[in-house]
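K.L.:
Taking my numbering, the leading residue of the sequence shown gets 50, the next gets one more, and so forth.
Have a look at the structure that comes next, please.
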Amino acid sequence: MFNLNRMFSLRSFKVVMVIAFFMLIIAAVWFLGPLLGFGDTRPLAGVEARVIYIVLALLCLIGLWFNVPSFLLLATTACVVVWTIGPYLLIGESYPLSGIAPRASLVGAILLVTLLYGGWKLLLALKNNPKLLDAFFGSKEVKSDDDVSEVNAAIRDAAAYIRQLRKNGTWLKRFFSFGKMHGELPWYMIIGTQGAGKTTAILSSGQHFPLPEQLSRVCKESAPTRNCECWFANDALFIDTAGKYLDSSDEQPEWDGIIKAVKKYRPIEAINGVIVAIGVTDVMGKNKTELYDLAAKVRARLDAMRSKLGVRFPVYMLITKLDRLMGFAEYFRSLTEQEREQVWGVTFPWGEEVNTGIGDLRERVGAEFALLENRLEKAMTVRQQEEYSNTDRKRMYVLPQDFRMLLDSVTEVAQTIFFASRYDENQGYTSLRGIYFVSSHQPENTVMVNNGTLMQKWRNYIANRHTVPLAYPASLAGESEALVRDVAWGRHYFLKSLFFDIILKDGDLVRRNLRVESKYRFQNFFGHTLCIAACCWLLSGIYHSYHHNGGYLVAVGQKTTRLEAEVKSYQQAANPGRLPLLLNLAHYLPEFNGLDVLHPDLPFRYGLYVGKRLTQDADGLYHYFLQRLLFPQIEQQAHEALQNAVYERDPTTIYNALKRYLMLAGQGQFDRAWLVSEIARQWDNAGKLQPYEERSLFIAHLEALFSRPDWRQYGQQPDKNLVTEAREILNRNTPVNRLYARVITQMQAEAPENLTLSKMTDEDAGQIFTLTDEALAEKGMPGLFTWEGYHHVFKKKLGDSVRALQAEDSWVMGNSEAQSGLKSLKVSRSSGIVDPTHEALMTLYLKEYTRRWQAFLQSIRLKSEDAGQNNTGLSFDIYMLRTLVSTHSPLVNLARRAVRETTLAVDQQDNLLKNQRVSSSGLSNSRLVDAASKLNLALAAQEKKALRQGVDNYFVPLREFVGGGEKGMGAASGTKLHQIMGVLNDQYTLLVISDSAIKNGNLPSVSDAGQRLSAESAVWPDPFKYIIAPLLNGAYRRVNHQIVYSSNKTIASGPGEVCRNTLQGRYPFADNSEEVSLRDFERFFATGGVLDDYFQKKLADKVDTTARPWRYRGDINTQDSEALDVFEKAAAIRSAFFQNGGRTPGIDFSVSIPYLDPSITQLNLNFDGSVMGYSHGPVTPKLFHWPGARAESVVNMSTKPRILGQENGLTFTGPWALMRWLDTVNDIATSPGGQPVLLFNLHQRPVKIEVTGLTWNDELIVDLLKNFNCPGAF
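Here's what the structure looks like:
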């Protein structure tokens, strides 16, 4: 009942619910996982993913059980989710976690974050508890464990001895035994106080001890047990413990060692019972404090054994040394041997629920003890009559009283040890099996005297003795000591039946450690089940293997029959097109329904697999077909290819065909990979691969053909005449050129990736550069002709490649190395040892390197704006400049990369030789080291010289332009590139400002710094002169165009509006009666007026006034400058009407009359009150000023005499009267002095008036006004 209550307690119920919850999760993952997903994705469809999540669930359960930190569980869960769900996550248009490397990186990042977080939490814990790590890193005090080792050895030896009993049985019995794990003998442990007679009780129990060393100690006085001792009886094993474990708390480690040892060697049924031995002297006459102390120690030991061993065992309480009671020996001396072997005590039922409350246990024990006491009382009269000695009768009479006193103390101790407790299993049942009174031997000198009896009190009173309640009498006489000792050790009371009939028969009462027993039973069951399953699996495997191999042989037999038919058909028809089918049948002869013949699956194995033998036989047949049928065709095709190459006279084709033909002929060095590739390419070009359907199948046949060393055993002899002819053609070319072409071809395969323009500029997005060469734009610079290509491929592999290709050239050309035409090493005074072939190849490579890079740099251009876009805007130029002057400028990156790629010479360390030298007292070969170092320096200097002459010197201007010197590699401050970047940055700023100003309707100023920089670019190195000038010129042109366009719009909307409102349609700008006021005229045309102010503020720095007509500065179309005609005419008007730079209109003019019609006697002129009269006579000019001082301007010209009926002259009024007078001029002539002469016709009477100051550029000033049109007027 107690177990059921504990199982259904709240805590246990929670544990069961948590376990059930995780089991449900595991079941859901396994059965519902394939159905869960999103869209068509099912992440848990595979078995691996579900197993991973099941393991994760188990790990989480274990983590919760052992209180693992939650962040570790979360991190583990995150890693599993990333690994399983990551490949299905779509971000944008890609699956970034589909690969193993990205997921592993993310999992590693999660683990790193977890580690850092765990470290941070550890630091916080150490901050609060600095001694936290002492348990791991602190040095502990080493304590002596000799005693622990001794008790552990005792238990270990006992367990080893008991295990020998199981080995006596047969192995079959042991294999199928489901019994106890360590033998059938029960184990009992006896504990008690010191001197309680524990060892004596075991030896006096009537057990048979087969070990001689233990048998010899029976019926003898035993020395006190030091620690613990195991007694091996035929029916049981007794663990005898020392009394110090109960009396002294300092011996707790040794006691724990005994418990651990017992649990280690008997984990299921540690002990079958515990015997608690308490001497009479330990309880009789003790006060309650002493009794409670003794009971507490015993109870503590029993509780420790029960909790640590995990077993429920019966406890036998033995009250030893009963012979110490007064009258015991006299009372029981009449008992026979059989009567002394009976049990004297109380045995309680086991397995029933015994009420162990404080009062109930005491009452039950007291009731049983009362029965024992009554038996003594009832038999006392008979025993008194049987004894003759009064002394014995007196001593016998005291026994019931002493026994009653003993029972009271034993009852108190038993009740304290075994009363019920709510904190352990004693609540539901008691572990007390019984209380028994025994006597192992009866020494005469240790009888207790109970001073509490009536007779003893009287004796003490008579003798006037003050004594304690308990005392011992004096020792016996010495002469009878030996006889007493023999009698004392030979007589035992109430032990044999107790051990044989109760304790040993109760061996099965112990409740085993169910947890450990379940584990062992499960292991045993699992082991047997596994063996049976393995046997069944093996038998099933052999059966299925026989079935599979039988079917395999049948299938191969059918294929063999078909192959025989195909061979006969091929022999009869001799059709090469049927050869692929024949080869495929022979090659795939051992194949069977996806079976891997070399690594078959398990169902084909079990020692019955025949595929390897079949594969060997089929492989032999397949290679026979290759050598007898395919190889002759290959030889014939190679012969035809060499003939065609000789006919075409192409050296490269001839060399490759000759090399292939000689290899097939068995001459020269065999290169299988190259030969297979060349044969496949040749057959593909000849159209002979169609019967094979796939190129890979033909290559597989070739690989198989050349895989054996005897592939040419059926080959033909080569055509010597054809070979000789091919070699003669090849010898017409120099060996160095022939060798160089093959070196470059060979190294191309190992060269780095091609260097594209985007890689040089490091542009992540938006390529702004392009190449005019389409081939370079598509493929870039070959990787072999880059800095990495030279230093990492060409330089390192040239020597090996030359040697290999020289050897190849020798056997291909049929020459020895001396006849190959390639010069051997020579010694030069300046350069030391020189390899002419190496030097010649290096020269050819460097020339090609320089040529390629010159062409590459010359073809770099800026991308132009798309033709479909409006090319008048500034957005494209701003984007280009912003990109060029950015932090990671592609122009700077291009310049630096170009400098790096065109600077192949690497400076050697000046102290290279110094570092290699050793002192004269150092190594014995120091001179050899110096010589080697000097040779290395000489070779390095020679190489550096060749690189500078071959490549670097051609690009010195580029390096100086970028780095400020020959060795500069970056755009250092003060270099030309740095200055250019500064100007470009300024131009970018100005361009942004100009674009903003134009959009806001303002006219920005245009700097000529960009134009000057563009002009300087003509002398710059490639590619800068093709990049900067077009960009700046285009930007400058578009800025000016925008300025002009905006300016024209502003002129029409600004001054044009004023002009149209005040001047347009009015006289003198138009023939109209409505006139322009002088004030409006002055405000519009005067210095600082509307037009002049606008021009000075917005157009003065942009207009070239020296040109006729006026035009905008820079490359501006003439049509865009037509709007400047207004300002040019206004300047002429200002010069004519605002003389002397005045801000008010004013004209100083002179008038003279060189001719007057004779009919006119007098001509009078009146200009605003200034009168001039002229009669025929000397010509005298007169000065006038316009406008006059009068408010109303009047111009009058009259003649005398008057003509009747006609108006006398001309009269004009108004502010523009002078202009109207000029409008009446019939013609203009020029005087001999170059002055204009106005011709008037007054009623058919001509008058000539010479004027100065009323014309401008041989044109009347009134015409200036009439020719003026307002901006934007239509």
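For every residue, glycine included, the Cβ atom is placed at its ideal position computed from N, Cα and C.
CA-CA distance, G590 and N642?
P.N.:
Counted from its first residue, the sequence shown places residue 590 at position 541. Counted from its first residue, the sequence shown places residue 642 at position 593. Each residue's Cα considered, the two are about 19 angstroms apart.
K.L.:
If you check the beta carbons only, do L105 and T90 fall under 9 angstroms apart?
P.N.:
Translated into positions along the sequence shown, residue 105 becomes position 56. Translated into positions along the sequence shown, residue 90 becomes position 41. No, they are not a contact pair.
K.L.:
At which residues does the beta strand (DSSP E) containing L286 begin and terminate?
P.N.:
Position 237 of the sequence shown holds residue 286. L286 -> beta strand (DSSP E) spans L286 to T290.
K.L.:
Taking a contact to mean a Cβ-Cβ separation below 9 angstroms, would you say E278 touches A203 in this structure?
P.N.:
Along the sequence shown, read from residue 1 onward, the residue named residue 278 stands at position 229. Along the sequence shown, read from residue 1 onward, the residue named residue 203 stands at position 154. Result yes, Cβ atoms of E278 and A203 sit closer than 9 angstroms.
K.L.:
Hey, how far is the Cα of R1115 from the Cα of L933?
P.N.:
Here residue 1115 is taken as the residue at index 1066 of the sequence shown, counted from 1. Here residue 933 is taken as the residue at index 884 of the sequence shown, counted from 1. L933 has its alpha-carbon roughly 56 angstroms from the corresponding atom of R1115.
K.L.:
Just reading off the beta strand (DSSP E) that R910 is part of, what are its end residues?
P.N.:
Within the sequence shown, residue 910 is the residue found at index 861, counting from 1. From DSSP, the beta strand (DSSP E) with R910 extends over I909 to L911.
K.L.:
If distances are taken between C-alpha atoms only, which option among G1263, P1295 and R560 comes closest to V1326?
P.N.:
The chain is shown only over 50 to 1323; residue 1326 falls outside these bounds and no answer can be derived.
K.L.:
Around the C-beta of L906, are 16 or more other C-beta atoms found within 10 angstroms, so that it is buried, or is it exposed?
P.N.:
Here residue 906 refers to the residue found at position 857 of the sequence shown. The residue is buried, with at least 16 neighbouring Cβ atoms inside 10 Å.
K.L.:
Are the CB atoms of A94 and G88 nearer to each other than 9 angstroms?
P.N.:
Reading the sequence shown from its first residue, position 45 is the one you call residue 94. Reading the sequence shown from its first residue, position 39 is the one you call residue 88. If you check the CB distance, A94 and G88 do not come in under 9 angstroms.
K.L.:
Rounded to whole angstroms, what's the CA-CA distance from S154 to G167? Just pull it up for me.
P.N.:
For this step, residue 154 is matched to residue 105 along the sequence shown. For this step, residue 167 is matched to residue 118 along the sequence shown. Taking the straight line joining both Cα atoms gives about 20 angstroms.
K.L.:
On the DSSP bridge assignment, give the partners of T90 in chain order.
P.N.:
Numbered from 1 along the sequence shown, position 41 holds the residue referred to as residue 90. Note: T90 sits in a beta bridge opposite F87.
K.L.:
Can you tell me whether DSSP reads G717 as helix, strand or coil?
P.N.:
In the sequence shown, the residue the question calls residue 717 occupies position 668. Three-state result, G717: coil.
K.L.:
Would you tell me roughly how many angstroms separate the C-alpha atoms of N573 and I317, rounded to the nearest one?
P.N.:
Translated into the one-based positions of the sequence shown, residue 573 becomes position 524. Translated into the one-based positions of the sequence shown, residue 317 becomes position 268. When rounded, the distance between both Cα atoms is 14 angstroms.
K.L.:
Can you tell me where the beta strand (DSSP E) with N1213 in it begins and where it stops?
P.N.:
Here the question's residue 1213 lines up with position 1164 in the sequence shown. Counting along the chain, the beta strand (DSSP E) containing N1213 begins and ends at Q1211 to F1216.
K.L.:
Check the C-beta distance from H541 over to S198 and give it rounded, since I have them as a contact under 8 angstroms.
P.N.:
The count along the sequence shown starts at 1 and reaches residue 541 at position 492. The count along the sequence shown starts at 1 and reaches residue 198 at position 149. The Cβ separation is near 35 angstroms, so there is no contact.
K.L.:
Any chance you could list the beta strand (DSSP E) runs of at least 3 consecutive residues sitting entirely within the segment 792-822, in chain order?
P.N.:
818-820
K.L.:
Just the Cα atoms here: how many angstroms apart are L1026 and V1011?
P.N.:
If you number the sequence shown from 1, residue 1026 lands on position 977. If you number the sequence shown from 1, residue 1011 lands on position 962. For L1026 and V1011, the distance between alpha carbons rounds to 5 angstroms.
K.L.:
In whole angstroms, what is the alpha-carbon distance linking G12 and K1147?
P.N.:
Residue 12 is absent from the structure shown; the chain starts at 50 and stops at 1323.
K.L.:
CA-CA distance, S924 and A790?
P.N.:
Residue mapping note: residue 924 aligns to position 875 of the sequence shown, counting from 1. Residue mapping note: residue 790 aligns to position 741 of the sequence shown, counting from 1. For S924 and A790, the distance between alpha carbons rounds to 49 angstroms.
K.L.:
Note down the Cα distance separating L295 from R350, rounded to an integer number of angstroms.
P.N.:
Taking the first residue of the sequence shown as 1, we reach residue 295 at position 246. Taking the first residue of the sequence shown as 1, we reach residue 350 at position 301. Using only the alpha carbons, I get a separation of about 8 angstroms.
K.L.:
So what's L110 in DSSP terms, helix, strand or just coil?
P.N.:
As a working mapping, residue 110 is identified with position 61 in the sequence shown. DSSP places L110 in helix when its eight states are reduced to three.
K.L.:
Inspect the beta-carbon positions of A344 and V487 and report whether they are closer than 9 angstroms.
P.N.:
Counting from one through the sequence shown, the residue named residue 344 turns up at place 295. Counting from one through the sequence shown, the residue named residue 487 turns up at place 438. No, these two residues do not count as a Cβ contact at 9 angstroms.
K.L.:
If you drop the 5 nearest sequence neighbours on each side, which residues of the same chain put their C-beta closer than 7 angstroms to that of T1279?
P.N.:
As a first step, residue 1279 must be located in the sequence shown, where it is residue number 1230. Counting only Cβ-Cβ distances below 7 angstroms, and skipping sequence neighbours, we find P1285 and V1286.
K.L.:
Can you pull the DSSP bridge partners for N770?
P.N.:
The count along the sequence shown starts at 1 and reaches residue 770 at position 721. Paired residues: none, contrary to the question.
K.L.:
How long is the line joining the alpha carbons of H257 and N283, rounded to whole angstroms?
P.N.:
Numbered from 1 along the sequence shown, position 208 holds the residue referred to as residue 257. Numbered from 1 along the sequence shown, position 234 holds the residue referred to as residue 283. Roughly 6 angstroms between the two C-alpha positions.
K.L.:
Just to confirm, are G838 and A800 a CB contact at a threshold of 9 angstroms?
P.N.:
On the sequence shown, residue 838 is found 789 positions in, with the first residue counted as 1. On the sequence shown, residue 800 is found 751 positions in, with the first residue counted as 1. A contact, by the Cβ cut-off of 9 angstroms.
K.L.:
Are the CB atoms of P1250 and I1209 within a distance shorter than 9 angstroms?
P.N.:
As a working note, residue 1209 is residue 1160 in the sequence shown. As a working note, residue 1250 is residue 1201 in the sequence shown. Yes, the pair counts as a contact, with Cβ atoms nearer than the cut-off.
K.L.:
How long is the line joining the alpha carbons of P1207 and S1184, rounded to whole angstroms?
P.N.:
In the sequence shown, counting from the first residue as 1, residue 1207 sits at position 1158. In the sequence shown, counting from the first residue as 1, residue 1184 sits at position 1135. Rounded to the nearest whole angstrom, the CA to CA distance from P1207 to S1184 is 38 angstroms.
K.L.:
Exposed or buried, what is H596 when buried is set at 16 or more other beta-carbons lying within 10 Å of its beta-carbon?
P.N.:
Stepping through the sequence shown from its first residue, residue 596 is reached at position 547. Under this definition H596 is an exposed residue.
K.L.:
From this set, L420, I466 and I484, which residue's C-alpha is nearest P398's C-alpha?
P.N.:
Here residue 398 refers to the residue found at position 349 when the sequence shown is read from its first residue. Cα-wise, what sits closest to P398 is I484.
K.L.:
Assign E640 to one of three DSSP states: helix, strand, or coil.
P.N.:
What you label residue 640 is simply residue 591 of the sequence shown in a count that begins at 1. Here E640 sits in coil by DSSP.
K.L.:
Does the segment 355-372 touch the segment 548-560, meaning 3 or more C-beta pairs lie closer than 8 angstroms?
P.N.:
yes
K.L.:
I need the boundaries of the alpha helix (DSSP H) containing D352, first residue and last residue.
P.N.:
Within the sequence shown, the letter at position 303 stands for residue 352. Taken as a continuous stretch (DSSP letters only), the alpha helix (DSSP H) holding D352 covers K337 to L358.
K.L.:
Measure the beta-carbon distance from L1007 to T951 and round it to whole angstroms, keeping in mind my assumption that it falls under 8 angstroms.
P.N.:
Here residue 1007 refers to the residue found at position 958 of the sequence shown. Here residue 951 refers to the residue found at position 902 of the sequence shown. At roughly 6 angstroms, the Cβ-Cβ gap stays under 8 angstroms, so L1007 and T951 are in contact.
K.L.:
So if DSSP puts G483 in a beta bridge, which residue, or which two residues, is it bridged to?
P.N.:
Counted from its first residue, the sequence shown places residue 483 at position 434. As a beta-bridge residue in DSSP terms, G483 pairs with Y365 and T396.
K.L.:
Tell me, please, whether the segment 684-691 touches the segment 662-676 by the rule of three or more beta-carbon pairs shorter than 8 angstroms.
P.N.:
no
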